[in-house]
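Asks: Protein sequences appear in the order of chains Y, H and U. This note's numbering numbers the first residue of the first sequence as 1 and each following residue consecutively. This note's numbering numbers the first residue of the second sequence as 1001 and each following residue consecutively. This note's numbering numbers the first residue of the third sequence as 2001 and each following residue consecutively. Built from N, CA and C at the ideal position, the CB exists for glycine as well.
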Amino acid sequence: MKSLEEKINELTHSILDDYKDERTVNEIKAFDHPDNDEIIGIIEGLRRIVFPGYFRNKSYRVFTVRNNMSMILEDVIFKLIRQIYIVLRYDEKYEKLDDNELNNNAIRITFEYLNKIPKIREYIETDVQAAYDGDPAAYNKDEIIYSYPGLYAILVNRLAHELFVLGVPLIPRVMTEHAHSKTGIDIHPGATIGKYFFIDHGTGIVIGETTEIGDYVKVYQGVTLGALSTRGGQSLRNKKRHPTIEDNVTIYSGASILGGETVVGRNAVIGGNVFITRSVPAGAKVSVKNQELRYNFDDSSKVEKSDLDNDESWFYII
Amino acid sequence: MKSLEEKINELTHSILDDYKDERTVNEIKAFDHPDNDEIIGIIEGLRRIVFPGYFRNKSYRVFTVRNNMSMILEDVIFKLIRQIYIVLRYDEKYEKLDDNELNNNAIRITFEYLNKIPKIREYIETDVQAAYDGDPAAYNKDEIIYSYPGLYAILVNRLAHELFVLGVPLIPRVMTEHAHSKTGIDIHPGATIGKYFFIDHGTGIVIGETTEIGDYVKVYQGVTLGALSTRGGQSLRNKKRHPTIEDNVTIYSGASILGGETVVGRNAVIGGNVFITRSVPAGAKVSVKNQELRYNFDDSSKVEKSDLDNDESWFYII
Amino acid sequence: MKSLEEKINELTHSILDDYKDERTVNEIKAFDHPDNDEIIGIIEGLRRIVFPGYFRNKSYRVFTVRNNMSMILEDVIFKLIRQIYIVLRYDEKYEKLDDNELNNNAIRITFEYLNKIPKIREYIETDVQAAYDGDPAAYNKDEIIYSYPGLYAILVNRLAHELFVLGVPLIPRVMTEHAHSKTGIDIHPGATIGKYFFIDHGTGIVIGETTEIGDYVKVYQGVTLGALSTRGGQSLRNKKRHPTIEDNVTIYSGASILGGETVVGRNAVIGGNVFITRSVPAGAKVSVKNQELRYNFDDSSKVEKSDLDNDESWFYII
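#1: When the Cα of H/A1160 is compared with those of H/I1245, H/R1047, H/N1067, which residue comes out closest?
#2: What would DSSP say about U/N2009, mapped onto helix, strand or coil?
#3: Taking the continuous beta strand (DSSP E) assigned at U/N2224, which residues delimit it?
#4: If distances are taken between C-alpha atoms only, which option among Y/K240, Y/K239, Y/V264, Y/N36 comes closest to Y/I251?
#5: Report yes if the C-beta distance between Y/M69 and H/L1016 is below 8 Å; otherwise report no.
#6: Using 8 Å as the limit for Cβ to Cβ distance, is U/P2118 near chain Y?
#7: Using only the alpha-carbon positions, how far apart do U/V2288 and Y/T277 sit?
#8: What residues from chain U crowd round H/N1115, counting only those whose CB sits closer than 8 Å?
#9: Whole-angstrom Cβ separation of H/G1208 and H/H1178, contact assumed at under 8 Å?
#10: Taking the straight line between their C-alpha atoms, what separation do you get for H/P1281 and U/L2258?
#11: Do Y/Y196 and Y/D142 have their CB atoms nearer than 8 Å?
#12: In the DSSP assignment, the beta strand (DSSP E) including U/I2120 goes from what residue to what residue?
#13: Measuring straight from C-alpha to C-alpha, what distance separates H/V1323 and H/K1239?
#14: Show which residues of chain Y have a CB atom less than 8 Å away from the CB atom of H/D1018.
#15: Which of helix, strand or coil does DSSP assign to U/Y2295?
#16: So is Y/F78 buried or exposed if we call it buried at 16+ other beta carbons inside 10 Å?
#17: Label H/D1098 either buried or exposed according to how many other C-beta atoms from any shown protein chain fall within 10 Å of its C-beta, with 16 as the threshold for buried.
#18: At a Cβ threshold of 8 Å, is U/Y2094 touching chain Y?
#19: Specify the secondary structure class of U/T2192 as computed by DSSP and reduced to three states.
#20: Note down, in chain order, every chain U residue with its Cβ under 9 Å from the Cβ of H/S1253.
#21: Please classify Y/Y113 as buried or exposed, where buried requires at least 16 other C-beta atoms within 10 Å of its C-beta.
#22: From this set, Y/H201, Y/D200, Y/P149, which residue's C-alpha is nearest Y/T176's C-alpha?
#23: May I ask you to list, following chain order, the residues of the region 259-288 of chain Y that have a beta carbon less than 8 Å from some beta carbon of chain H?
#24: So which of Y/D32, Y/I72, Y/L228 has the shortest CA-CA distance to H/N1009?
#25: Terminal residues of the continuous alpha helix (DSSP H) containing Y/L163?
#26: Which residues, in chain order, does the region 2174-2193 of chain U contribute to contact with chain H at a C-beta distance below 7 Å?
#27: Does DSSP classify H/L1258 as helix, strand or coil?
#28: Could you tell me how far apart the beta carbons of U/G2222 and Y/G233 are, in whole angstroms, since I believe they sit closer than 8 Å?
#29: Taking Y/V327 as the reference, which of Y/Y295, Y/V269, Y/F297 has the closest Cα?
#30: Provide the residue span of the alpha helix (DSSP H) that contains Y/F111, from first to last.
#31: If I follow the unbroken beta strand (DSSP E) through Y/I199, where does it start and stop?
#32: For Y/I207, which beta-bridge partners are listed by DSSP?
#33: Using a Cβ cut-off of 8 Å (strictly closer), state whether H/L1097 contacts chain U.
#34: Short check: CB of U/A2284 to CB of U/N2273, under 8 Å?
#35: Can you tell me whether U/S2235 is buried or exposed? The criterion is at least 16 other CB atoms within 10 Å of its CB, across all chains shown.
#36: Under the rule that 16 or more other beta-carbon atoms within 10 Å means buried, what is H/L1004, buried or exposed?
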């Protein structure tokens, strides 16, 4: 019988052999690839810059706020330059540049990006206000900043969107997918979102790449702002595939609004589970007509615990 | 051209300048704020206390179970006292107390809270049993304790709810939002839940602050126990806005039950995707009447792979 | 008044006393239990083996790819042997074996399992291709590998499924529940999935234990491939309870397909929110007939911001 060491050697060889073809899943050029952990570190650094004082740095105890902030900022700057430098190669516009030119572009983009922090802070402050005004379960604004997944998803979208607008490949999507993983809210970095945006609960929300959202919009869990068809695949890239939502629209849970030509006019209210593929005029309130329900009774109404477990194929079950 | 150092200095100054206004997003008082990581540490410590032997402490190897447990308990006690001390300031009842009085209150609340651990353990044991009885995919109870997101969400809700009842601000919500992030199950710490509660799959579940749930209730993924309207915003705070679910009710996936006056009577069964805004009598089985479907065929039924990509605007798509 | 130390002692005793009964939640045999962190470490190691060069090892800088890979592989091997050794006791087939025999079985299973890595790599490469072909928002394949939650969930399912097929208890479910936690996509390790599988967005997807899925299948967010009834509980274990989806089927968001005898024939398209409990013939396109919507207008259509907050009980709200 083979020893454990022999078995390990054999297995190692057979797996390394399998790496020899040229395949997408291989790509053995580790140094050239972006690093998800670094990108998550950038998000956390930016979050501390946007909300100074809320999210502590493990080393803040020995520094003044000012020194602490400039430390965080410097860290974010170097991480961003490094990661942007790596991903610029994904864009054919940059792929012929030499290392030095790539680096200069990474520096230029990093500073253009970080100069937008005050604007992002202005917007996110309106989002905190919108959550407080809209949610009777919010006891104070700090609770929103510390714990609301909707606010986190909006923050990461605002951070990622500005990078997306500057043409940085890959990093914006890694950022929003990190937020998606933490919150269940899937907002593509391409989506454009106005001030005072409020997401309640949020799990299951999908907001597509070319969606445009005005000011004072509220969206609840399970809402899709999606495309009418993606069967065209890559041929649909860069086309407006997702809807436009005007100011002061509320969209209740489970509603789907689909299509690049679909516009929901200002002040409209879209009820729960409504499925819309055409435009809605301003001020309209749209709801599903009464769902027809069937009520069924049997003698089990007196039963205590498990006697309901009979044949009951008539009701919808998972 | 400016050096990198000059650019960093300029940027740092412009961002620090932006902190000068008095704004919600600033709040530069780092030491007074609760710490999400500490609160997550409290959850993990409590989880080990509730399930001794299941979730190992990295240092348990050198201690007996008894010594290990008292170490974990001591750690949880000090973390809880510290975090409760910090958040009590959010409650106007405590805001005029001096540091010493605040600390005494934090100690009092911490011990009142931890004395409820045996009760929480009693309840969570019934939840494990309910999951085992209800799920044919459960191979044994350990699988449920190790891997079921529903059990994790219920545990965190039970832990957070007792803190919520003791009037501790903010921490209960941070706890349940941590569970929401891990599981996609959003249960407000205010919700009251009976014994033998079973959540299957769970992603997308929303259970609001004033919901009351009896014993032997089963809930599947995508269910909302919500409010009929939150348009009143902060004026609705403290009102009963969410439904009451009596003993032995089953609620299948995607159902929504809304409103503070809505009562689902004992032994009722609510079918998948049912949308209810009024009370359901005991023993009723409620289902959506047959959804009308359209079937369409074309010659493509012989086609192998991608020839379906024609104009197909008739079907609902994301 | 009692000192803090006395209080801690009292509390410790009362909680340790509560451990004395024989209860499921106790199980104070820490060394015999599997370790979630180790299992997550196994997933991450396997992910690096499947995609060499994509996900860096913190120590890769000092090693060649070949040496790095054999280090990762060795680490995965030892972790797997250890964890499989622990969980084999859950299977009555193994429970009478002595430690040495258990260990030999753990070694045997580990190598049988790892010999399937090339097959898993072959399948996952087709999944990357399917995502690229199917999603106009995908800018390149690396974006899919780095950021798409659907790809992550499929990878973990493929890894867990092969362990499940080899009869390893508990670990496969811990693996897929880890993916569920990160992605909101809940695929049981028992589900069998063909090549070129594409999940878009994904949050809320549930795919049950006995589901069978062919090649070139696309599934969108919120889809359930579920059981018609789980009221039989444990008595239904090992029965085919979930549907069969043939080649080249597309299932749009929110659709539910239920039941172990339900077969969706090849090339069928299932529209959004369709609820199906019986078989669909090959080539059929199934959609919900037009949902009846109610549109309501009032003078508020000229109103700017918050004047809509009147009595509006007619629309569906969360």
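Replies: In terms of the structure at hand:
#1: H/R1047
#2: helix
#3: One point to set straight first is that residue 2224 of chain U is Thr, not Asn, in the sequence displayed. Here the beta strand (DSSP E) through U/T2224 covers 2224-2226.
#4: Y/V264
#5: yes
#6: yes
#7: 13 Å
#8: L2011, S2014
#9: That belief does not hold up - the Cβ atoms of H/G1208 and H/H1178 are roughly 18 Å apart, past 8 Å.
#10: 27 Å
#11: no
#12: It is not in any beta strand (DSSP E) - U/I2120 instead sits in the alpha helix (DSSP H) that spans 2117-2134.
#13: A query on residue 1323 of chain H cannot be resolved here, the shown segment of chain H reaching from 1001 to 1318 and no further.
#14: I117, P118, R121
#15: strand
#16: exposed
#17: exposed
#18: no
#19: strand
#20: V2206, T2224, G2226, S2256
#21: buried
#22: Y/P149
#23: G272, N273, F275, T277, V288
#24: Y/I72
#25: 149-165
#26: V2174, E2177, H2180, S2181, G2184, D2186, H2188
#27: strand
#28: Between Y/G233 and U/G2222 the Cβ distance is about 21 Å, and since that is not below 8 Å, they are no contact.
#29: Here chain Y comprises residues numbered 1 to 318, so residue 327 of chain Y is not present and cannot be evaluated.
#30: 99-114
#31: 198-200
#32: Y/I187, Y/L225
#33: no
#34: no
#35: exposed
#36: exposed
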